[in-house]
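Taking it in order: structure first as structure tokens, then the write-up.
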Ligand code: 44T
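Residue numbers (the working numbering): 151 to 1000.
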């Protein structure tokens, strides 16, 4: 058995000047030779072991062998990864890091493996460390930016920048502490701000807990930087796991918390408070005997909440959650069956969320209220019986008159948080706040959209009155169980539609296909599909003309059945088809649209069997022969091979590439894919799109700043927090709605970059663009979007109301003051990154002299 006591000795021996030892030298050189030979033979596992031996015996060779060693490690790690030998993989990295503890490339690479395996916190730690070792290491930087969003969500910045909210919490805490609550627990402390308020107000003992490791570490840093180290005890745990006296010595007199999401319940506040009342808090003040001093009674800030709801019509919500079109790109959609987004308040499916969130005031196209806001629920956080009752109580119904006429698209929900008797915060759509509202979309098939008239009464119930908080991601779920309506026809229609909304009682398991919200919006995007249809038709016409000039085909290649107009002679295979490949990500009907053109054999990369079934149903209903559409991934095992069919003789007539992600960034490895695709095209064949052009403009937007970093030099409530949380600032913001972003345009839109997919050699990776300021102001961001050119005449914009795409923006580190007429130079770089990270367009700004 290895003896641990030998370790220090080994260390001492290493520090001595190595003795000349011929046997050892022999072993080193033989092992080095073997390592190189194994590397050459691609036997990476053995090569790795040899290198380990060599470098442990002869550290002087580290410089010489570091490159080959890294290469071997990465290759071997990839092999272990694909074999699922995760423990071995990390053991290898640990051994490598013992040899090269400050090697940022190894550290970053280990981070990537950790990230892929879902260990985000650990991954982030590695990217952070790699960056500290080499601040300009682009791969580590991009990796870090990517995880920063996961680790420290953007709303932390919004909340810390919300002075009114900070101030109200501080006041309420100060009053409670001064009133005698002197032992405090901050549940979900985040940066530690509420706990520090309690300490500053004079609380004798302050405890805080935080379940996220990153936030916990951040809170520790912040508390130390504010001189409160040792005066606030921070625990890295979920409050539900806390016990007295194991974690805190005795019950506390005050719990402060802001563990509420846009739907109020999503962070589990009800469960946390029930647990806190039962295990961590002193008993509440007895109203019959108010004599107990506040230090001996328990209370909670916030003291309670009022939940509001409102039925709304909103096209933007509708097109993301249900199919709204009866025809797309020439295909009738009725046969698609029922399509649902993954947001459903009635589904028990784990892959669904009960609600999504939106800032109603910033929805493109706005919304129409169909009812007045109604008070849906009042909760007293200081009454544990009431909290427990919430989880098991009877269905409560709210009847409310419908005040507007329109289609019922969603129920919007928000709340008022009563910090104490005097002070409250509202997250409503009319408030000037950073809060979003919870959106419960109505999921009905498009043929049965609910039409509300003035005479209707909508009755809303708290469905799944069961333990909603414990059951799922947790939230109170809203559903509409029935609609009273004096118009009988409408009533029948409404009731059947509401049955689909699905209180489980009324509908059995339903047969539907789930599409992501962006996939649904894409399917509803008629201009997108029409553009593709026209571009494909033009290409096919051109190719047909070219073939007719060349004369009849040689009949080479794959045997394919004729697709349209079967020739009278059964032995004649008919004209060769045109091969079209659609490698769009996710669900796409483009392959089917191509197949419906006739004389086309289309290949789709749609993966999910349910999605393939939808395409097959649509094909059948639209008269597309079965053999005209194939599913690529059903036939190819190797992902690399995706672009390489049909066989050698048959080259593709068209390859459809998905260029831009919904979030507004260019897709990873796009140009590599385009290079490969170009090699596989027949003469006259085309990649769709053939070109994309990046546009951007200078804007002044405080909103973007507030979402990206804690602003200003002033400490937050007197505490030094900004420098710590701002380490998690990322320069590129995604999923923006530029049409509703509050901003001032400081320039016209300008062309920033061109990606030519048909001629990848022609592309550059850096470009300087001069932009003239059309107004004076502070440039805080450069939003960008794309014009996607399918061919010379037809193009699509990713900045368009019908589109499923959002926009992105580079937020400047330091705002740049400009005067009208100034020129600003933007250095635009297309960054190449490792597989894990996004390809982002980075724009750096420099003011030109004028
Ligand atoms: N975001 C609102 C939700 N936690 C705030 O780990 C508003 C979203 C929002 N820790 C736009 C705008 C806004 N025990 O760090 C988190 C979380 C932690 C706990 C220990 C527990 N039982 C919990 C529960 C949660 O608490 C912190 C705050 S949760 C607040 C969520 C500006 N989009």
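Virtual Cβ for every residue (Gly too), placed ideally from N, Cα, C.
Keep in mind that this is a model prediction, so the values were computed, not measured.
Beta-carbon gap between residue i and residue j smaller than 8 Å
{"i": "residue 474", "j": "residue 513", "result": "no"}
{"i": "residue 856", "j": "residue 308", "result": "yes"}
{"i": "residue 669", "j": "residue 736", "result": "yes"}
{"i": "residue 435", "j": "residue 447", "result": "yes"}
{"i": "residue 591", "j": "residue 491", "result": "yes"}
{"i": "residue 897", "j": "residue 923", "result": "yes"}
{"i": "residue 462", "j": "residue 562", "result": "yes"}
{"i": "residue 1008", "j": "residue 316", "result": "With the chain covering 151 to 1000 only, the question about residue 1008 has no answer from this structure."}
{"i": "residue 824", "j": "residue 886", "result": "no"}
{"i": "residue 410", "j": "residue 424", "result": "no"}
Straight-line gap, residue i to residue j (C-alpha atoms, nearest Å)
{"i": "residue 865", "j": "residue 310", "result": "10 Å"}
{"i": "residue 694", "j": "residue 802", "result": "14 Å"}
{"i": "residue 282", "j": "residue 204", "result": "29 Å"}
{"i": "residue 799", "j": "residue 231", "result": "Residue placement at residue 799 is poorly supported in this model, since its pLDDT is 48, which falls under 50; the coordinates still yield a value, given next. C-alpha separation (whole angstroms): 36 Å."}
{"i": "residue 293", "j": "residue 837", "result": "30 Å"}
{"i": "residue 741", "j": "residue 754", "result": "5 Å"}
{"i": "residue 432", "j": "residue 578", "result": "33 Å"}
{"i": "residue 330", "j": "residue 403", "result": "9 Å"}
{"i": "residue 262", "j": "residue 275", "result": "11 Å"}
{"i": "residue 934", "j": "residue 273", "result": "29 Å"}
{"i": "residue 252", "j": "residue 957", "result": "38 Å"}
{"i": "residue 125", "j": "residue 954", "result": "This structure does not reach residue 125, given that the chain is present from 151 up to 1000, and the question cannot be answered."}
{"i": "residue 980", "j": "residue 899", "result": "19 Å"}
{"i": "residue 476", "j": "residue 938", "result": "25 Å"}
{"i": "residue 305", "j": "residue 779", "result": "45 Å"}
{"i": "residue 508", "j": "residue 587", "result": "5 Å"}
{"i": "residue 220", "j": "residue 256", "result": "7 Å"}
{"i": "residue 843", "j": "residue 945", "result": "10 Å"}
{"i": "residue 728", "j": "residue 820", "result": "24 Å"}
{"i": "residue 399", "j": "residue 405", "result": "15 Å"}
{"i": "residue 665", "j": "residue 301", "result": "27 Å"}
{"i": "residue 519", "j": "residue 951", "result": "21 Å"}
{"i": "residue 170", "j": "residue 242", "result": "29 Å"}
{"i": "residue 706", "j": "residue 835", "result": "Bear in mind that a pLDDT of 42 at residue 706, under 50, signals an unreliable position, so the number given afterwards is only what the model happens to contain. Taking the straight line joining both Cα atoms gives about 18 Å."}
{"i": "residue 480", "j": "residue 680", "result": "8 Å"}
{"i": "residue 671", "j": "residue 891", "result": "20 Å"}
{"i": "residue 580", "j": "residue 564", "result": "11 Å"}
{"i": "residue 685", "j": "residue 752", "result": "15 Å"}
{"i": "residue 908", "j": "residue 831", "result": "10 Å"}
Residues sharing a beta bridge with residue i, DSSP
{"i": "residue 587", "result": "508"}
{"i": "residue 780", "result": "753"}
{"i": "residue 935", "result": "845"}
{"i": "residue 219", "result": "BP columns for residue 219 are empty, so no partner."}
{"i": "residue 411", "result": "Answer by DSSP bridge pairing: none, since residue 411 is not bridged."}
{"i": "residue 664", "result": "490"}
{"i": "residue 917", "result": "978"}
{"i": "residue 566", "result": "456, 576"}
Reference residue i, options the options, closest by Cα
{"i": "residue 346", "options": "380, 361, 301, 314", "result": "380"}
{"i": "residue 974", "options": "846, 388, 369", "result": "846"}
{"i": "residue 408", "options": "455, 439, 433", "result": "455"}
{"i": "residue 833", "options": "859, 813, 804, 817", "result": "804"}
{"i": "residue 427", "options": "395, 390, 439", "result": "390"}
{"i": "residue 348", "options": "332, 338, 341, 362", "result": "332"}
{"i": "residue 295", "options": "771, 255, 918, 876", "result": "876"}
{"i": "residue 202", "options": "356, 250, 264", "result": "250"}
{"i": "residue 726", "options": "732, 748, 738, 739", "result": "748"}
{"i": "residue 560", "options": "506, 209, 906", "result": "506"}
{"i": "residue 340", "options": "240, 375, 303, 193", "result": "303"}
{"i": "residue 772", "options": "450, 486, 943, 970", "result": "486"}
{"i": "residue 246", "options": "442, 198, 285, 265", "result": "198"}
{"i": "residue 385", "options": "488, 393, 360", "result": "360"}
{"i": "residue 757", "options": "682, 972, 738", "result": "738"}
{"i": "residue 901", "options": "883, 932, 926", "result": "932"}
Enumerated in chain order, which unbroken segments of the alpha helix (DSSP H) with a length of 4 residues or greater are wholly contained in the region 797-877?
Here the runs fully enclosed are 820-829, 852-858, 872-875.
Unbroken alpha helix (DSSP H) runs of length 4 or more, entirely within the region 421-495: which are they?
Complete alpha helix (DSSP H) runs here, min 4: 465-471.
Could you give the uninterrupted runs of the alpha helix (DSSP H) lying entirely in the region 239-285, keeping only those of 4 residues or more?
254-266, 270-283
Going along the chain, which unbroken runs of the beta strand (DSSP E) with 3 or more residues stay wholly within the region 302-380?
333-337, 355-359
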